[in-house]
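Structure first, then comments.
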Amino acid sequence: MKKVLLLVGICLLAGSTISYAQLTKEQIEARKELKKATKAELNEKATKTARKEAKKLTKEGWKVSPGALPMEKQLDRSYMMEMEIDDDLFQKFIIGEAMSFGSVYDAAKMQATELAKQALAGKIQTEVTALIENTVANEQVGKDVANSLAKSIMANKNLIIQSIGRVLPVVELYREKTNGYEVLVRIAYNSKMAKAAAKKAASEELAKQGDEVQKKLDDILGW
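Structure (structure tokens):
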């Protein structure tokens, strides 16, 4: 039980900061443990982590908007979504987080959401690249093809951002400053849609490499 909770913690921490680097061995092991953990164990860890973070954020002056879910509930939901892992160790929901400041609340929120989409795109690149690298480890795809696919994904972050559809708001917090508002948001994106966004972003470049390479990417993404 303690081992599960420790590795879950590693996964949550890593999931919030991951950008372009491939998944580490610790992250992979943490995700494997998540697959083994019971629903009750995951709920317990998410609740404890959310409660601890809510206390920290409250001390730092963060609040929730009137009528919104309590901070702890929002954070609990965020962590539970982040801990959902599929059979390929791919997160079922990818979470993007960002903060922004503005003299007007809505403007700060909009900017934070756009920045969160950029963070989301970086995570999508990392997750899909990790899937590609895993196929090399399992000898399903040759290194040359895998490198070509990975480069196509990593070179098209802006196109991935443009391909991202409707995101799910998960956390929205704010704190008042002298000249305006600082807004923190976390957004979630379904992994199937994330894979589709990655493929769409890389499609033009992959088309130059022929149908076989595109077919390999479809196989890796489970299509």
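Each residue of the sequence shown is one higher than the last, beginning at 191 in the numbering used here.
Glycine residues also receive a C-beta, built at the ideal position from the N, C-alpha and C atoms.
Please go through the same chain and pick out, in chain order, the residues whose beta-carbon is closer than 7 angstroms to the beta-carbon of ALA236, but skip the five residues on each side of it.
In its chain, beyond the 5 residues on either side, ASP266, TYR269, MET270 and MET273 have a beta carbon closer than 7 angstroms to the beta carbon of ALA236.
Same chain, Cβ closer than 7 angstroms to THR319, five either side skipped, listed in chain order
Around THR319: GLN212, ALA340, ILE343 and MET344.
Name the DSSP bridge partner or partners of GLU274?
Bridge partners of GLU274: none, in fact.
Touching by the beta-carbon criterion (3+ pairs, under 8 angstroms), the stretch 243 to 253 and the stretch 291 to 310
The answer is no - the stretch 291 to 310 does not touch the stretch 243 to 253, with fewer than three Cβ pairs under 8 angstroms.
Suppose contacts are defined by Cβ-Cβ distances below 8 angstroms. Is GLU362 in contact with VAL375 by that definition?
With respect to VAL375, GLU362 sits close: the two C-beta atoms are nearer than 8 angstroms.
Through-space distance from SER353 to LYS282, alpha-carbon basis
C-alpha separation (whole angstroms): 18 angstroms.
Hey, out of LYS382, LYS226, ILE314 and VAL360, whose CA is closest to LYS347's CA?
It is ILE314 whose Cα lies nearest to the Cα of LYS347.
Beta-carbon within less than 7 angstroms of PHE280's beta-carbon, same chain only, minus the 5 sequence neighbours each way: which residues are those?
Cβ neighbours of PHE280 beyond the five flanking positions: GLU317, LEU321 and SER381.
Based on the DSSP output, what are the partners of ARG356 in its beta bridges?
ARG356 pairs with nothing; no bridge assigned.
Are the CB atoms of ALA336 and GLU323 within a distance shorter than 8 angstroms?
Contact flag set, yes.
DSSP bridge partner residues for ALA378 (one or two, in chain order)
Answer by DSSP bridge pairing, in chain order: ILE285 and LEU358.
Spell out the partners DSSP gives ARG365 in its beta bridges.
Under the DSSP definition of a beta bridge, ARG365 partners with GLU372.
What is the DSSP secondary structure of VAL318, reduced to helix, strand or coil?
Three-state DSSP puts VAL318 in a helix.
Around the C-beta of VAL254, are 16 or more other C-beta atoms found within 10 angstroms, so that it is buried, or is it exposed?
When all chains shown are included, VAL254 counts as buried.
Check this for me: beta carbons of ALA391 and ILE350, under 8 angstroms apart or not?
ILE350 is positioned such that its CB atom lies closer than 8 angstroms to that of ALA391.
CB contact flag (ILE275, LYS333, <8 angstroms):
Contact: no.
Tell me where the alpha helix (DSSP H) around SER338 begins and ends.
Residues 333 to 344.
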